[in-house]
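S.K.:
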Amino acid sequence: MTDIQRHAAGMQAALPEILAMAERCVNIDSGSYMAGGVNAVIDIWAGMAAGMGFAVERTPLPGFGDQMTARLPLGGNGPRILVLGHADTVWPEGIAAVWPFAHEGDRITGPGVGDMKTNVVMALHAIRMLLAEKALGHLASITLCIVPDEEIGSPGSRAWLEAESREADLCLTLEPCRPAGGMVVGRGAVGAFYLNATGITAHVGSAREKGASAIAALAALVAPLEALGDPPNGLCATVGILRGGEARQVVPGSAELHLDLRAPDDAAGEKLLAEVRAIAARPPADPRVTITARGGFTRPAFPTHAGTRELYAKAEGFCATLGIPVHQVVSRGGSDGSFAARLGVPTLDGLGPITHETCSRREWVEVPSIVTRGAVLAGLMASAGR
17 MTDIQRHAAG MQAALPEILA MAERCVNIDS GSYMAGGVNA VIDIWAGMAA
67 GMGFAVERTP LPGFGDQMTA RLPLGGNGPR ILVLGHADTV WPEGIAAVWP
117 FAHEGDRITG PGVGDMKTNV VMALHAIRML LAEKALGHLA SITLCIVPDE
167 EIGSPGSRAW LEAESREADL CLTLEPCRPA GGMVVGRGAV GAFYLNATGI
217 TAHVGSAREK GASAIAALAA LVAPLEALGD PPNGLCATVG ILRGGEARQV
267 VPGSAELHLD LRAPDDAAGE KLLAEVRAIA ARPPADPRVT ITARGGFTRP
317 AFPTHAGTRE LYAKAEGFCA TLGIPVHQVV SRGGSDGSFA ARLGVPTLDG
367 LGPITHETCS RREWVEVPSI VTRGAVLAGL MASAGR
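Heads up: the sequence shown runs through residues 17 to 402, numbered per the numbering used here.
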């Protein structure tokens, strides 16, 4: 039996415990702005990490849950490994009551089941297995960072993650593995831009001319903003929200527009952002309307460099031994791994279990992949620096 096959056997033995802990976590509402729920999930993970010997630090992030940093010095001369995960989800309060964790056959489902509550539970059990095997003594350390605000771009966590990345030799990121085994070796830049318009309210029947429509001013910008996109070349500018107004019979005095930005690299992102700002600065057709703008790129591009290719090659070999599919993905979506990769830290992403229809009410995880992808993650840690 090879090392990677032994890791898979160990993860298979731990699977019932992994599923039980995943169920506890998935059934806790933990949207990004629900600090109590995020912290309740972190409580579970922090308890397990502490039980394995990690020194756990929790730093409250105002308006969000805690930033969890769990450090495990190992005393070896090998690499310092950074493992990145998050406790928040995209889901609103009350979602777990109407869509609780469910296990049917080889599928588990529920809010955040693959993005990424099962993933972190899988990683913790993989580390526990390796410690029991005494397979990590060559490493200098493992640091596990759990982010409370990842789903909204990690605005309060970026500086912390960059500081931790500077102290790491490689970064393993627990975003879900794509269907058919896609591991992420690169990502584009991701941003968000917000426009707020203020007009003048008036009754649309008796005093229409006294009003100035905030909605009309922003609606006029939708087409030119979206025309900046070039999806085949990785450029996207997408209006996801346009809303405003007070009542059907009132000229809208306020409105807001939310624009999602994607670019293949940081230079293209800077150019796109400059073009967005130029459009946002155009005077409204009705000079009585004022528009304010804010935002930019929240996640840098994740470049694929030699260290990442080496990590992927190792993972590819492990997958071949286990007889499971794997392929490289360069994603338009963002993750916290981008912060490490941009600083030159070899980074491999998509190391969670295989997840389908992420961030939809149909999100589900392939249960057998918890075993195999957990084994691959374990293999990457146990073989680091060797």
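Every residue gets a Cβ at the ideal spot worked out from N, C-alpha and C, and that includes glycine.
Fair warning: this is a prediction, and the values are worked out from it, not measured in the lab.
Please list, in chain order, all residues of the same chain as Thr-363 whose beta carbon is under 6 Å from its beta carbon, the five residues on each side excluded.
M.R.: Taken in chain order, the residues that qualify are Cys-187, Thr-324, Gly-353, Ala-356, Ala-357.
S.K.: Which residue spans inside the region 131-158 form an unbroken alpha helix (DSSP H) run of at least 4?
M.R.: List check, alpha helix (DSSP H) in window: 134-148.
S.K.: Of all the options Val-381, Gly-269, Ala-398, Ala-236, which has the alpha carbon lying nearest to the alpha carbon of Glu-120?
M.R.: For the residues Val-381, Gly-269, Ala-398, Ala-236, the minimum Cα distance to Glu-120 belongs to Val-381.
S.K.: In angstroms, rounded to a whole number, what distance separates the CA positions of His-154 and Phe-70?
M.R.: Their backbone Cα atoms lie some 17 Å apart in a straight line.
S.K.: Decide yes or no for the touch test of the region 330-342 against the region 135-152: beta carbon pairs closer than 8 Å, at least 3 of them.
M.R.: Touching, no, given that fewer than three Cβ pairs across the two stretches are closer than 8 Å.
S.K.: Of all the options Glu-39, Gly-91, Met-132, which has the alpha carbon lying nearest to the alpha carbon of Ala-112?
M.R.: Per the Cα distances, Glu-39.
S.K.: When you compare the region 41-50 with the region 90-100, are there three or more beta-carbon pairs, one atom per stretch, that lie closer than 8 Å?
M.R.: No, they do not touch.
S.K.: For the pair the region 391-400 and the region 206-214, tell me if three or more CB-CB distances fall below 8 Å.
M.R.: These segments do not touch.
S.K.: Would DSSP call Val-106 helix, strand or coil?
M.R.: Correct three-state label for Val-106: coil.
S.K.: Do Leu-241 and Ile-295 have their beta-carbon atoms positioned less than 8 Å apart in this structure?
M.R.: Contact: yes.
S.K.: Got a sec, what are the start and stop residues for the alpha helix (DSSP H) Met-199 sits in?
M.R.: Looking at the DSSP string, Met-199 is not in any alpha helix (DSSP H); the run it does join, the beta strand (DSSP E), is 198-203.
S.K.: Distance check for Ile-168 and Pro-384, CA to CA, integer angstroms please.
M.R.: Cα to Cα, the separation comes out at about 30 Å.
S.K.: Would you list the one or two residues that DSSP bridges to Cys-252?
M.R.: Cys-252 is bridged to Arg-278.
S.K.: Could you check which residue in Trp-107, Ala-118, Gly-130, Pro-76 has the C-alpha nearest to that of Gly-101?
M.R.: Nearest option by C-alpha distance: Gly-130.
S.K.: Arg-194 to Leu-140, Cα distance in whole Å?
M.R.: Straight-line Cα distance between these residues: approximately 21 Å.
S.K.: Which whole-angstrom value describes the C-beta separation of Val-72 and Ala-103, a residue pair presumed to lie in contact below a C-beta threshold of 8 Å?
M.R.: That belief does not hold up - the Cβ atoms of Val-72 and Ala-103 are roughly 13 Å apart, past 8 Å.
S.K.: I need the straight-line Cα distance from His-372 to Gly-245, nearest angstrom please.
M.R.: Between His-372 and Gly-245, the C-alpha separation is close to 27 Å.
S.K.: By how many angstroms is the C-alpha of Leu-160 removed from the C-alpha of Met-17?
M.R.: Met-17 and Leu-160: Cα-Cα distance of roughly 29 Å.
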